[in-house]
Amino acid sequence: MKKTVKLDKDTKYTKIQELTYELKVSNVMTNKVVTVTPGKTIYELRELFRTNRISGTPVVDKGKLIGIISIEDFIKCLAQGEMHTLISEKMTKRVKTLYADEPIIHAVRKFDQYGIGRFPVIEREGGKLVGIITKGDIIKGLLKKLEIEYHQEEIHRYRASHIFEDIIADSTSLILKYNIVGKDFNKAGECASGLKKTFYRLGIQPDIVRRAAIATYEAEMNIVVFTEGGRLTVSVEPQQIKIEADDSGPGIPDIKQAMQPGFSTASEWVRELGFGAGMGLPNIKNCTDKINIESKVGKGTHLETIIYLNNNA
Amino acid sequence: MLKLNRIVKELNLRVIVAHNIDKVVSGGYASDLLSDVIAHSQKDNIWITLQTHQNIVAVASLKELVGIIIVNGRMPEDETIKKAKQEKIPILVTELSTFEVVGRLYGLGVRGIKQGVSPCLSRRIGIPQNAGQPQKKRRVKS
Amino acid sequence: MTLKEIKKILKAEVIIGEDYLSMEVKMGCASDLMSDVLAYAKPDALLLTGLTNSQVIRTAEIVDIRAVCFIRGKKPDERTIKLAIEKNIVLLTTQMPMFESCGRLYKNGLASRLVKHK
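Residue numbers (the numbering used here), protein chains in the order written: chain A, 55 to 367; chain C, 831 to 972; chain F, 400 to 517.
What follows is the structure, encoded as structure tokens:
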């Protein structure tokens with residue numbers, strides 16, 4: 055009875071989804087529209103379709119869209135020998151249109167709904183014909199936008215992830231420092247959030263970014279909850295990431311006990327805020343390759359963790 | 831009438847404190863916030879949580895809950911077990927997550943809304959007013 | 400399962416993110432403890448929680464959760480909503496309690512984390 059939800063390449067999928075909301079019809083439509091006047095004959099249409107390599111065109115009378123005529127209409131007339139009938143008699147009069155400022159997701163839905171090949175695009179104010187859109191235009195527009203975004207991202211990534219290769223030194227490390235304000239529950243998590251973004255920017259693998267972000271968040275939370283504030287120092291080196299958290303808080307009397315899952319000295323208000331269930335240090339331990347805690351009661355705590363970057367990047 | 835010991839069997843739970851394990855379950859409540867449980871749980875609900883602190887026993891006793899299922903493979907603290915034995919509150923543990931445990935309990939017929947009691951809430955979330963109440967047996971005409 | 404289906408099953412109200420309801424979530428994660436979410440949640444899960452403070456959004460951001468549903472009609476304050484908009488996280492709220500919400504989603508086929516990871 056249970057169905058498994060399968061998704062492939064979901065990040066790209068959502069990227070395209072996002073773009074279908076972001077891009078407007080006017081961004082992807084063809085601006086130069088070939089139009090005909092209703093007084094022309096079907097015969098004259100042939101030349102128009104041929105020279106412009108199109109298969110349908112809006113019918114415009116004094117700047118106003120009054121219909122649409124396609125190659126199918128042309129073929130019907132050809133079959134019935136009605137080549138000299140006026141376009142106004144054979145065109146589709148109730149034209150389905152799109153507004154230039156609609157997101158292209160609306161266009162996609164309309165193509166699905168009506169099963170027709172093209173929509174004239176009009177201005178919301180005044181209804182002036184400003185373009186025409188086909189499914190092909192939408193695909194082209196999306197691909198172009200994706201290409202631009204990927205290209206920009208690549209440049210960013212390249213610059214950041216090769217920082218270590220470009221630097222000539224016996225040893226290199228990038229040091230990030232964050233100050234943590236104690237007891238300010240609303241600000242808690244800002245360091246981890248900033249670190250996560252920075253790590254992505256540096257081109258570090260998602261799995262490692264995630265582990266580092268979780269460890270940092272828990273360390274940050276400990277400092278916020280138990281102390282008056284502290285410092286977070288993150289050193290990114292070619293082979294490893296070192297995260298250090300320092301505070302001058304109350305200290306941990308029994309480190310071994312504190313590492314036990316479920317052990318907590320947090321007060322009830324902390325528990326009601328969603329932390330303090332004795333999972334912080336065990337979480338940090340699970341996310342990192344090495345952990346070391348030094349603590350003196352009444353003096354403060356020094357937490358040091360290392361995550362190895364066993365990659366070639 | 832679903833009894834706690836049937837849940838233990840169906841979900842393959844590990845029994846830590848076994849007092850009163852044959853009681854009937856009235857419904858389910860899932861929360862890790864003690865204040866929430868105090869405010870909203872109903873008598874004889876089975877409580878699903880990942881809290882292990884001894885306060886959970888006090889809350890369960892106060893609200894006359896039928897038992898506590900601790901999820902994610904967490905073990906209650908010694909103090910918690912001691913208190914639970916005193917208060918005769920069953921404690922069960924499982925490796926499963928809250929979402930999974932609740933899903934399986936739901937499949938056994940345990941519900942999270944006391945049906946027919948809060949007409950306002952029931953209406954809002956679309957439960958028929960007479961749901962859960964025993965239906966009158968129709969007489970078969972002979 | 401899409402957020403649209405979830406909205407229907409839970410008779411939920413969309414607080415922010417009406418445009419993203421076609422987004423898929425892979426599993427359900429029900430918790431009021433953020434350390435638990437940090438430890439076990441997989442990316443693209445739906446987080447069901449009774450907590451409404453800003454740490455819920457921070458946690459979601461850290462573990463790549465993109466949709467949160469508050470239970471029992473709870474609604475976050477403005478600060479939390481603002482943070483969610485900034486981090487591109489969809490927020491829903493349902494009148495149902497946690498138990499009923501999870502039960503209905505599970506019954507309708509939303510997966511859960513079965514195996515405890517390391």
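From the three backbone atoms N, C-alpha and C, an ideal C-beta is built for every residue, glycine too.
Keep in mind it's a predicted model, so treat the numbers as computed, not measured.
Nearest residue (CA-CA) to Lys913 (chain C), options C:Leu832, C:Val838 and C:Val887: C:Val887
The segment 492-507 of chain F: positions lying closer than 7 Å to chain A by Cβ: The segment 492-507 of chain F vs chain A, Cβ under 7 Å: nothing.
Bridge-paired residues (DSSP) for Gly121 (chain A): A:Val113
Interfacial residues, the segment 918-944 of chain C to chain A, with Cβ spacing under 8 Å: none
For Thr188 (chain A), the first and last residue of its enclosing beta strand (DSSP E): Leu183 to Thr188
Chain F contact residues for Tyr75 (chain A), given Cβ-Cβ distances below 9 Å: Asp418 and Tyr419
Rounded separation between Asn240 (chain A) and Glu274 (chain A) - CA only: 12 Å
Extent of the continuous alpha helix (DSSP H) run through Pro336 (chain A): For Pro336 (chain A), the enclosing alpha helix (DSSP H) starts and ends at Gly334 to Cys341.
Below-8 Å beta-carbon distance, Ala860 (chain C) vs any chain F residue: The beta carbon of Ala860 (chain C) sits closer than 8 Å to some beta carbon of chain F.
Enclosing beta strand (DSSP E) for Met426 (chain F) [first to last residue]: Boundaries of the beta strand (DSSP E) harbouring Met426 (chain F): Met426 to Ala429, taken from the DSSP string.
CB contact below 8 Å: Glu840 (chain C) versus chain A: Output row for Glu840 (chain C): interface = no.
Euclidean distance between Cα positions of His216 (chain A) and Ala223 (chain A): 14 Å
Listed by chain order, chain A residues near Ile461 (chain F) by CB distance under 8 Å: Gly243, Ala246, Ser247, Lys250, Arg264, Ala267, Ile268 and Tyr271
Length of the line joining the Cα atoms of Leu445 (chain F) and Gln293 (chain A): 34 Å
Chain C contact for Gly316 (chain A) (CB, 8 Å cutoff): yes
Residue-level contact to chain F via CB, Ser948 (chain C), 8 Å cutoff: The predicted position of Ser948 (chain C) is uncertain, since its pLDDT is 48 and thus under 50; no value can be drawn from it.
Helix, strand or coil at Arg163 (chain A) according to DSSP, with G and I counted as helix: helix
Cβ-Cβ separation, Ile234 (chain A) to Ile283 (chain A) (assumed contact under 8 Å), whole Å: Position check: residue 283 (chain A) holds Gly in this sequence, whereas Ile was assumed. About 6 Å separates the two Cβ atoms, so the contact holds.
Terminal residues of the alpha helix (DSSP H) in which Ile975 (chain C) lies: Outside the shown range of chain C, which is 831 to 972, sits residue 975 (chain C), and nothing can be said about it.
Residue-chain proximity (Ala312 (chain A), chain C), Cβ-Cβ < 8 Å: The beta-carbon of Ala312 (chain A) is placed no less than 8 Å from the nearest beta-carbon of chain C.
Cβ contact (3+ pairs, closer than 8 Å) linking the segment 332-346 of chain A and the segment 891-899 of chain C: no
Thr84 (chain A) and Thr111 (chain A) closer than 8 Å at C-beta: no
Alpha-carbon spacing of Phe317 (chain A) relative to Lys231 (chain A), whole angstroms: 29 Å
Nearest-angstrom beta carbon gap, Tyr439 (chain F) and Arg512 (chain F) [assumed within contact, 8 Å]: 6 Å
Pairwise C-alpha distance: Gln167 (chain A) and Lys150 (chain A): 11 Å
Contacts of His849 (chain C) in chain F (Cβ-Cβ under 7 Å): Residues of chain F passing the Cβ test: none, with the nearest at roughly 23 Å.
Per-residue DSSP class, three states only, for Thr448 (chain F): Of the three classes helix, strand and coil, the one that applies to Thr448 (chain F) here is strand, per DSSP.
Where Leu197 (chain A) falls, given that 16 or more other Cβ within 10 Å makes a residue buried: Residue environment: Leu197 (chain A) is assigned as exposed (fewer than 16 neighbouring CB atoms within 10 Å of its CB, all protein chains considered).
DSSP three-state assignment for Gln259 (chain A), whether helix, strand or coil: coil
Within-8 Å CB hit, Leu437 (chain F) to chain A: yes
Val324 (chain A) versus Phe280 (chain A): straight-line alpha-carbon distance, rounded: 10 Å
Any 3 or more C-beta pairs closer than 8 Å across the segment 150-164 of chain A and the segment 185-195 of chain A: yes
Pro369 (chain A) classed as buried or exposed, judged by whether at least 16 other C-beta atoms fall within 10 angstroms: Beyond the ends of chain A as shown, which are 55 and 367, falls residue 369 (chain A); an answer cannot be given.
C-alpha distance - Val82 (chain A) paired with Ile186 (chain A), whole-angstrom precision: 9 Å
Residue span of the beta strand (DSSP E) that contains Val455 (chain F), given as start and end: It is not in any beta strand (DSSP E) - Val455 (chain F) instead sits in the alpha helix (DSSP H) that spans Ser453 to Ile461.
Neighbour flag for Leu863 (chain C) against chain F, beta carbons, 8 Å: yes
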